[in-house]
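One rule links them: number in the numbering used here = place in the sequence shown (from 1) + 5. Here a beta-carbon is modelled for each residue, glycine too, at the ideal position from N, C-alpha and C. The block underneath contains the structure these notes are about, expressed in structure tokens.
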Amino acid sequence: MDTQRWMWIAWPAFLAAAVLEMVVFAFVDPMDVHWMVSPLEWSRSAVYTAAFFAFWLVMLLCSLMTRSLARSAQDLNNGIVSELLAD
């Protein structure tokens with residue numbers, strides 16, 4: 006994929022991750038975050054950073070899936086359009 010198409014995927018994912026980060030941490034204190042059963046011993050900045058990149062990865066996968074599902078049959082078949090078989 007060329008750079009412009011990657012930006013169609015990455016930029017909306019970045020914006021969605023930023024909004025999700027603001028919403029989540031408006032209600033969750035990073036010092037109260039636990040991993041499995043033990044509390045994380047990370048700084049607030051480390052929790053914010055790790056959460057942002059996790060959110061961005063999930064949103065990137067969602068955007069990539071949307072982009073791939075939006076492709077036409079002609080794009081997927083390299084311009085070859087098959088016709089229905091007659092019974």
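Contact belief for residue i with residue j at Cβ below 8 Å, rounded distance in angstroms
i: residue 22; j: residue 61; result: 4 Å
i: residue 29; j: residue 56; result: 7 Å
C-alpha distance - residue i paired with residue j, whole-angstrom precision
i: residue 69; j: residue 14; result: 6 Å
i: residue 72; j: residue 20; result: 16 Å
i: residue 37; j: residue 8; result: 39 Å
i: residue 54; j: residue 34; result: 14 Å
i: residue 82; j: residue 75; result: 14 Å
i: residue 10; j: residue 44; result: 40 Å
Same chain, Cβ closer than 6 Å to residue i, neighbours up to 5 away in sequence not counted
i: residue 12; result: none
Contact set for residue i: own chain, Cβ-Cβ below 7 Å, skip 5 residues either direction
i: residue 65; result: 14, 15, 18
At which residue ranges does the segment 35 to 89 contain complete alpha helix (DSSP H) runs of 4 or more residues, listed in the order of the chain?
49 to 74, 78 to 81
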